[in-house]
Amino acid sequence: MPFQKVRSGAHIQQPPLSGTAKMQRKHYAKKVTQPMRKQLTDLRRRMAQENIDAYLIPSDDFHGSEYVGNHFKCRSHVSGFTGSAGTLLVTADWAGLWTDGRYFLQAAQQLDGSGITLCKTGEKDVPTEEAYLKETLQP
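Note that this note's numbering gives residue 1084 to position 29 of the sequence shown, counting from 1, and the numbers run on in steps of one.
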């Protein structure tokens, strides 16, 4: 299978990765019982059209600012999480939001029923975004 590009939140191009994303059913896996956010299903549909295996949406802007203007609130739009710090990673069959301890409670509430798993940065056995991609995307 040819290499597929992993694109990031409309303003950062990530290096190409290959293969099909396969969910690793581990501690951060969560069975979704409620409907997903429409924005998430729309993104996945577009990813399939463009042959994109993973899409990374950071919270920051071109300058790495934590507090950004509305133009850069793509992560909030897709996930529903309004905290100022977090990164959303979407694959064909899984989505996770990484955030730090300041936002664990808020994120858990805002992601409930969204189809997005909360990945608590810094907690035991929670991989980084990069480690998750390396584990799940096969060449």
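Where a beta carbon is used, it is the ideal one built from N, C-alpha and C, also for glycine. None of these values were measured; they are calculated from a predicted model.
When the options are compared against residue i, the one with the closest alpha-carbon
| i | options | result |
| --- | --- | --- |
| Leu1173 | Glu1185, Lys1179, Gly1119, Ala1150 | Ala1150 |
| Met1102 | Leu1192, Gly1138, Ala1147, Ser1120 | Ala1147 |
| Tyr1187 | Arg1092, Arg1130, Cys1129, Trp1153 | Trp1153 |
Rounded C-alpha distance that separates residue i from residue j
| i | j | result |
| --- | --- | --- |
| Gln1161 | Gly1168 | 14 Å |
| Val1181 | Phe1117 | 27 Å |
| Glu1184 | Val1145 | 11 Å |
| Lys1093 | Asn1106 | 20 Å |
| Ser1179 | Ile1171 | The residue you asked about is not Ser; residue 1179 is Lys in the sequence shown. For Lys1179 and Ile1171, the distance between alpha carbons rounds to 19 Å. |
| Val1123 | Pro1194 | 35 Å |
| Leu1166 | Phe1136 | 7 Å |
| Thr1142 | Arg1130 | 7 Å |
| Lys1175 | Gln1104 | 31 Å |
| Asn1125 | Gly1138 | 13 Å |
| Ile1112 | Arg1100 | 16 Å |
| Asp1108 | Gly1119 | 25 Å |
Counted within 10 angstroms of its Cβ, other Cβ atoms place residue i as buried (16 or more) or exposed
| i | result |
| --- | --- |
| Gly1177 | exposed |
| Thr1191 | buried |
| Ala1244 | With the chain covering only 1056 through 1194, there is no way to say anything about residue 1244. |
| Thr1197 | Residue 1197 lies beyond the range of the chain shown here (1056 to 1194); nothing can be said about it. |
| Lys1189 | exposed |
Beta-ladder partner(s) of residue i, from DSSP
| i | result |
| --- | --- |
| Ile1112 | Leu1143 |
| Cys1174 | Trp1153 |
Own chain partners of residue i with C-beta closer than 8 Å, once the 5 adjacent residues on each side are dropped
| i | result |
| --- | --- |
| Ala1140 | Ser1114, Glu1121, Thr1154, Asp1155, Arg1157, Tyr1158 |
Same chain only: Cβ atoms within 6 Å of residue i, ignoring 5 sequence neighbours per side
| i | result |
| --- | --- |
| Phe1127 | Asp1116 |
Cβ neighbours of residue i in the same chain (closer than 7 Å, five flanking residues each side left out)
| i | result |
| --- | --- |
| Leu1098 | Tyr1110, Val1133, Val1145 |
Residue i beta carbon near the ligand FMN (any heavy atom closer than 7 Å)
| i | result |
| --- | --- |
| Pro1182 | This structure lacks the ligand FMN, and indeed carries no ligand of any kind. |
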